[in-house]
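*Asks:*
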């Protein structure tokens, strides 16, 4: 048994779906270890749903790994850190390829915020091409966020530079309100929103406003944002929201209480970071 297989076995998967999720999550941790060993986090920070899952125990699985430079710098590229990633996978007994992703294809479907200055790649097993992890680096990011170091224990103990929770929250709320729905609603945004509210995380409106300004050119007040949020929450088809997130949650019964009115009540509980 390879070290990678041992790490997967620690999840004790009980079926094929759990096995795939355990393999993907182990790949994510190995990739993070490689990036840390290569010095990537001197210049960049981890954010998004996978960060919330791995670093804060979010009870839903996540596929993509999102990174942001901590300051605008056109000389830092994620390709420079591929060799440490490949070496880290080799150390746990896996050979992987890293392939550039065609943004024209997946951008329309999966991300309304993929910009020209976002680098996107996929890490794939050489023997199982369908097992893959997508990594994205925003090289010209919205700023005014804070970072912190968070610990991971697999494949060994190391730390990862991450957005703080209030700024992770800001990124999620920007996605929930302004993400173009396109072919499907990303119900994972709603799941994460509920998590932030239930964990009493304050929302960093400074970073949220910077995201809104960079992507749309608008400067809006907190009250205007909350109105746009309520419009989004009241108009969404909740069946479509549940259908999207269903395959990612550990316990589908968590979604039983979800209604438009429920999320409007959650919106009333938003606290802002002062």
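In this note's numbering, the protein residues as written are 10 to 283. Just so it is clear, CB atoms sit at the ideal spot from N, CA and C, and this is done for glycine as well.
Which residues in the same chain have their Cβ closer than 7 Å to the Cβ of residue 105, if we skip the five residues on either side of it in sequence?
*Replies:* 95, 98, 132, 133, 134, 135
*Asks:* Helix, strand or coil, according to DSSP, for residue 88 in the structure here?
*Replies:* Annotated three-state conformation of residue 88 is helix, per DSSP.
*Asks:* Which residues in the same chain as residue 213 place their Cβ atom closer than 6 Å to its Cβ, once the five residues preceding and following it in sequence are excluded?
*Replies:* 175, 176, 179, 282
*Asks:* Quick one: what's got a C-beta closer than 6 Å to residue 144's C-beta in the same chain, skipping five residues either side?
*Replies:* 74, 130.
*Asks:* Kindly give me the distance between the Cβ atoms of residue 93 and residue 63, rounded to whole angstroms, as I take these residues to be in contact under 8 Å.
*Replies:* About 18 Å separates the two Cβ atoms, so there is no contact after all.
*Asks:* Cβ atoms of residue 147 and residue 349: under 8 Å apart, would you say?
*Replies:* Since the displayed the chain opens at 10 and closes at 283, residue 349 lies outside it and no answer follows.
*Asks:* Can you look up residue 56 in the DSSP assignment and give me helix, strand or coil?
*Replies:* In the three-state reduction of the DSSP assignment, residue 56 falls in the strand class.
*Asks:* What residue ranges within the stretch 136-183 form continuous alpha helix (DSSP H) runs of no fewer than 4 residues, ordered along the chain?
*Replies:* Counting whole runs of 4 or more residues, the stretch 136-183 contains no alpha helix (DSSP H) stretch at all.
*Asks:* Going by the CB atoms, is the gap between residue 155 and residue 173 shorter than 8 Å?
*Replies:* yes
*Asks:* I'd like to confirm the pairing. Which residues does DSSP put opposite residue 257 in its beta bridges?
*Replies:* Paired residue(s): none; residue 257 is not in a bridge.
*Asks:* List the whole-angstrom C-beta distance separating residue 55 from residue 35, where the pair is believed to meet the contact cut-off of C-beta under 8 Å.
*Replies:* The pair is not a contact, with the Cβ atoms about 16 Å apart (cut-off 8 Å).
*Asks:* Classify residue 37 as buried or exposed, calling it buried when 16 or more other Cβ atoms lie within 10 Å of its own Cβ.
*Replies:* buried
*Asks:* What's the call for residue 201, buried or exposed, on a 16-neighbour Cβ count within 10 Å?
*Replies:* buried
*Asks:* Starting from the Cα of residue 107, find the closest Cα among 100, 101, 87 and give me that residue.
*Replies:* 87
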